[in-house]
Each structure stands twice: as C-alpha cells, then as structure tokens.
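Reading through the structure tokens given below for one structure.
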Amino acid sequence: MQNVYLNYATPVFIILIILEILVSRHRKFKAYRLNDAITSLGCGIFTVSVELFLKAGLLILYGYLFIHASFYQFAENSWVTWVVFFFVLDFVYYWAHRWSHEVNFLWGVHVPHHQSEEYNLTTALRQGALQDTVHWPIFMTLAIMGCPPLVFITHLTFSKFYQFWIHTRLINKVPLIEGILNTPSVHRVHHGINDEYIDKNHGGVLMIWDRMFGTYEEEKAEAVFGVRKPYHSWNSVWAHFEWFAYLWNAVKSASWKDKLLVWFKPTGWVPNQQADSFESFDVTQVKKYDTKISTALNAYCIFQFALVMIANSALLQVPLALEAQIALTLYIAFALITVGLILLRGKDYPRSWAIYHQLANLALVPLIWNSSMIGAIILMGISFLSIPIYLFAHKRSMKNHSDVNPMIQETA
Ligand SMILES: [Zn+2]
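First residue of the sequence shown? That's 0 in numbering that gives the first Met the number 0, and the numbers climb one at a time after it.
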C-alpha cells in the first residue's frame, strides 16, 4: 500500500530537491554537501528496502487486531472516520515521536533522522529503517479504537509526506499557519541542538499537541543542526546501529540491572553518568563535520549511488521472489556501506575492499537468476565494470594530490 503512494511521491521529491538546490545556489546559500546528501538519501533508501520486508507483516497484524480486538469498527467510507482519525493519528504520532526523543532505545531508531548537520529536503528522507516497526505497538491503539487499515496507513503516509516540505532553510515563517501546522520554522527548532530547542516541537502535521503539552518553541536564534553525539561517518547503514553500539559498549562492564535498564532510561543515560550526559554542551563551539575526497572518487560514489537508486526502484516495482528481494537489499546495503567509507576515507580506502565489494555482488547473482535472468546478467555486468572504473578513479586520486585531502576536516 505504502509503495503505491511512494511511487507517486518520489518524482515530486526529486523535483523539489533539484529546485531547492537551484534556488539555494541562486541565493548563494550552501544548503547541500554531496557526502551529507548521499548519506541522507542512503538512509531513506535503506529504510524503504528494509520496510518492504516488515511493513506487510505489520499491516496484517494491524488488520487482525482491527477485526478481532477493536471496540467498534468505524466505516471506511464515512468522512467522519477520516476526520476523527486524522486527529487521533496526529495525537498518537506526537507521543510516539516525543518518546523517541526521550527514551534511549527509541532514540536509537529515530536518531538517523537527526544526524545530518545540514537541514534540507534530503534530511526529510533520512529516515530510521526500524522506526515504524518499533512504533507499531503504539500505532496498534488505532486498530483497537476501530480505525480501518486503509484510513490508518493513508493518514500515516500523508503525515510523513506532509513533513517533507518543512525540511528546508529556504522558507521563513509562514503566515496564517505558523503555530497551528508544522512549518519549516518550527521544525528547524525540532532539529536544533541549541539548549532551548532540545526536545521541542514533536508534532507531525499539527502543532496543537506541543502547545497543549508544553513542548512548543518558536524559532528565535538560528538553529545549529545535528545531534549532541555527532555521527562522524557517511555510512548510512551503520547510522542505524551507532546509538545501540554506543549503549552496548557503555553497559559492557555494568551490572545486569543496568544492562537491562539502560534501554528504557532517558536518552543519553548510561551507567555511572547522569542522564543527559551530553548536557555540558556549547552550541557556539559546534563545527560541521566534513571530509574532502578527489573529484574522481566523488564521481565514482555518485555512479554507485545512481545504481543503488535503480536497484531500489527495481526492488519496489518489479515482482520478485523473496530471495531476489533479499539479494537486491543486500546489494543496496553493500553499496551504501562502500560509498559511505569512500566518502570518508578517499584514496586511503583500501583498493582491495572496493574490489571485494564488487565480487560480493557476484554472490547475489544466483539469487536473482530465477526471478529475472536479465536482472542477474545486468548485476554481473555492472559489478565487473565497476572494478576498472574504481581503479581508474583511485589512480586519478593518487596522481592529483592537489585535489585530494583524505584528512578529516572540521569546517565551520
Ligand atoms: Zn525527531
């Protein structure tokens, strides 16, 4: 169901991203960095790939509860149902989102959305792959209340699509709707790590819940974007596990009680430290994380990322057997990890790893063969072709020392 909506929305997303790039360039305003944008879009692609396996099961579970456990079944064809559950879903979304900021394990599935230190339309697509799955028990309350599955999934999808346009720095306050609906200005506050902006403006479409429950904050100072424990990587797969790995390391030598409790404690709590261990934080000292690599290796990353986008649309639109779907998802994950590491390390990324990546793709060919022989042959072709293209790009990087700087840079 969601994929149908996604198919219609994707061209609109792409057109608006291109428009944002053009307008920001025209205004001489640096809204985009290649490494950041690729990582954000990579998180989005990884999310829709992973959700392909999870969403169907979750919807079946929702439908089962709606039929067998609801107090009253609202009619799908009544406008009252659509209006009532628009408000109910937005209310439930507010709490799911608010708890995602307040509880350690929920923050772990939401954090990819906040890791970008830029704030543009690609940030909107930077979603956490496991977020909806982890939120599902909260959303099940709508099934119990009698919200038909179509109404639920349409409103949830609408809420996410609505939130696309608000991830931009190009639009200032919007007259008439400011304070009532979610807008670029109030959502910039939500993504801000300034003291006064932390854990504010959790609303999806409406801002009334934030006003009712004391989390509403207007944009005054310019927001500094990102997270207080910055993610110094362009790996859009690891982005999903980084916070869990951090907590896991923090409880390694802790008591069993802390090992169990840490996940349910307030965000930032780790044993032997106070909650919000990132509190002593000076926003004026924050510098955007950046790395510089050669033009040739950037071009290789764009090429591999374009292939990821093609693989993702094949995954969503071509009917494939389960093993072929798994193969394409692995293809996407391998490529996103490799691209992330090349963006990070440039010419210092081991050449052998780039070659192993392409050879690993060949292991996926038999899984695709039965569903699509042509697809399997294309996969073989691009994997073999990618090796000399990478070696050429790497060689150019070694020659042109002037445009290669593998050192990690902190730029303002
Ligand atoms: Zn959030």
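Just so you know, even glycine gets a beta-carbon here, dropped at the ideal spot from N, CA and C. Quantities reported herein were computed from a predicted structural model and do not represent experimental measurements.
Next on the checklist: Is residue 100 close to ligand 1? I mean its beta-carbon at under 7 angstroms from any heavy atom of the ligand.
Outcome noted: At least one heavy atom of ligand 1 is nearer than 7 angstroms to the Cβ of residue 100, so yes.
Item to check | Minimum length 3: unbroken beta strand (DSSP E) runs contained in the segment 182 to 258 | outcome: No beta strand (DSSP E) of 3 residues or more sits fully in the segment 182 to 258.
Checklist entry - Where do the ends of the alpha helix (DSSP H) carrying residue 80 lie? => result Counting along the chain, the alpha helix (DSSP H) containing residue 80 begins and ends at 78 to 101.
Next on the checklist: So, with DSSP's three-state summary, where would you put residue 265?
Outcome noted: Residue 265: strand per DSSP, three-state reduction.
Checklist entry - Which whole-angstrom value describes the C-beta separation of residue 119 and residue 168, a residue pair presumed to lie in contact below a C-beta threshold of 8 angstroms? => result That pair is a contact at about 7 angstroms.
Checklist entry - residue 394 to residue 388, Cα distance in whole Å? => result Cα atoms of residue 394 and residue 388: separation of roughly 10 angstroms, rounded to the nearest angstrom.
Checklist entry - Is residue 347 buried or exposed, if buried means 16 or more other CB atoms sit within 10 Å of its CB? => result That one is exposed.
Checklist entry - In angstroms, rounded to a whole number, what distance separates the CA positions of residue 46 and residue 126? => result When rounded, the distance between both Cα atoms is 6 angstroms.
Next on the checklist: Just to check my reading of the structure: residue 191 and residue 124 have Cβ atoms closer than 8 angstroms, yes? What is that Cβ distance to the nearest angstrom?
Outcome noted: Not confirmed; about 20 angstroms, so no contact.
Checklist entry - Quick one, are the C-beta atoms of residue 117 and residue 198 less than 8 angstroms apart? => result Remark: C-beta atoms of residue 117 and residue 198 do not approach each other more closely than 8 angstroms.
Item to check | Distance, residue 267 Cα to residue 251 Cα | outcome: Counting only the Cα atoms, residue 267 lies some 16 angstroms from residue 251.
Checklist entry - residue 380 and residue 313: beta carbons closer than 8 angstroms? => result With contacts defined as CB atoms closer than 8 angstroms, residue 380 and residue 313 fail to qualify as a contacting pair.
Checklist entry - Once you ignore the five residues that flank residue 101 on each side, which residues in its own chain have a CB closer than 8 angstroms to its CB? => result Only 198, 265 and 266 meet the Cβ criterion.
Next on the checklist: Spatial neighbours of residue 226 within its chain, please: C-beta separation below 6 angstroms, excluding the five flanking residues on both sides.
Outcome noted: Sequence-distant Cβ neighbours of residue 226 in its own chain, meaning closer than 6 angstroms and more than five residues away, are 113 and 114.
Next on the checklist: Less than 8 angstroms between the C-beta atoms of residue 151 and residue 4, yes or no?
Outcome noted: Not a contact, by the Cβ cut-off of 8 angstroms.
Checklist entry - Considering residue 290, what are the terminal residues of the alpha helix (DSSP H) in which it resides? => result Annotation: residue 290 is outside any alpha helix (DSSP H); the continuous beta strand (DSSP E) that includes it extends over 287 to 291.
Next on the checklist: Closest to residue 303 by C-alpha separation, out of 363, 241, 326 and 384, would be which residue?
Outcome noted: Comparing Cα-Cα distances from residue 303 to each of 363, 241, 326 and 384, the minimum goes to 384.
Checklist entry - Which whole-angstrom value is the C-beta distance of residue 412 and residue 269, which I expect to be below 8 angstroms? => result Lying outside 0 to 411, the shown extent of the chain, residue 412 is not represented and no answer is given.
Checklist entry - Among the residues of its own chain, which have a CB less than 7 angstroms from the CB of residue 91, if the five just before and after it don't count? => result Contacts found: 137, 138, 140 and 141.
Checklist entry - Along the chain, where does the alpha helix (DSSP H) that runs through residue 328 open and close? => result Its alpha helix (DSSP H) spans residues 321 to 344.
Item to check | Nearest-angstrom Cα separation, counted from residue 286 out to residue 409 | outcome: Low per-residue confidence applies at residue 409: pLDDT is 44, beneath 50, and the placement is therefore not dependable enough to give any value.
Checklist entry - By DSSP, does residue 50 sit in helix, in strand, or in coil? => result Correct three-state label for residue 50: helix.
Item to check | Buried versus exposed, by CB contacts within 10 Å (16 or more), residue 28 | outcome: Exposed, because fewer than 16 other Cβ atoms sit within 10 Å of the Cβ of residue 28.
Next on the checklist: Just checking residue 25 against ligand 1 - is the residue's beta carbon closer than 7 angstroms to any of the ligand's heavy atoms?
Outcome noted: For ligand 1, not one heavy atom lies less than 7 angstroms from the Cβ of residue 25.
Item to check | Counted within 10 angstroms of its Cβ, other Cβ atoms place residue 369 as buried (16 or more) or exposed | outcome: Under this definition residue 369 is an exposed residue.
Checklist entry - CA-CA distance, residue 366 and residue 325? => result A direct Cα-to-Cα measurement between residue 366 and residue 325 gives close to 8 angstroms.
Next on the checklist: Let me confirm a value: residue 241 is counted as buried when at least 16 other C-beta atoms fall within 10 Å, else exposed. Which label applies?
Outcome noted: Classification for residue 241: buried.
Checklist entry - Cβ of residue 96 within 7 angstroms of any heavy atom in ligand 1? => result Yes, the beta carbon of residue 96 sits closer than 7 angstroms to at least one heavy atom of ligand 1.
Checklist entry - When DSSP builds the beta bridges, which residues end up paired with residue 180? => result For residue 180, which the question treats as bridged, DSSP gives the partners 177 and 205.
Item to check | Short Cβ contact (8 angstroms threshold) for residue 185 with residue 223 | outcome: No, these two residues do not count as a Cβ contact at 8 angstroms.
Item to check | Chain-order list of residues whose beta-carbon lies under 7 angstroms from that of residue 298 (same chain, five-residue window excluded) | outcome: Excluding residues within five positions, the ones whose Cβ falls inside 7 angstroms are 392.
Next on the checklist: Buried or exposed for residue 187, going by 16 or more other Cβ atoms inside 10 Å?
Outcome noted: With 16 or more Cβ atoms within 10 Å of its Cβ, residue 187 is classed as buried.
Item to check | Straight-line gap, residue 0 to residue 328 (C-alpha atoms, nearest Å) | outcome: Residue placement at residue 0 is poorly supported in this model, since its pLDDT is 47, which falls under 50; the coordinates still yield a value, given next. For residue 0 and residue 328, the distance between alpha carbons rounds to 19 angstroms.
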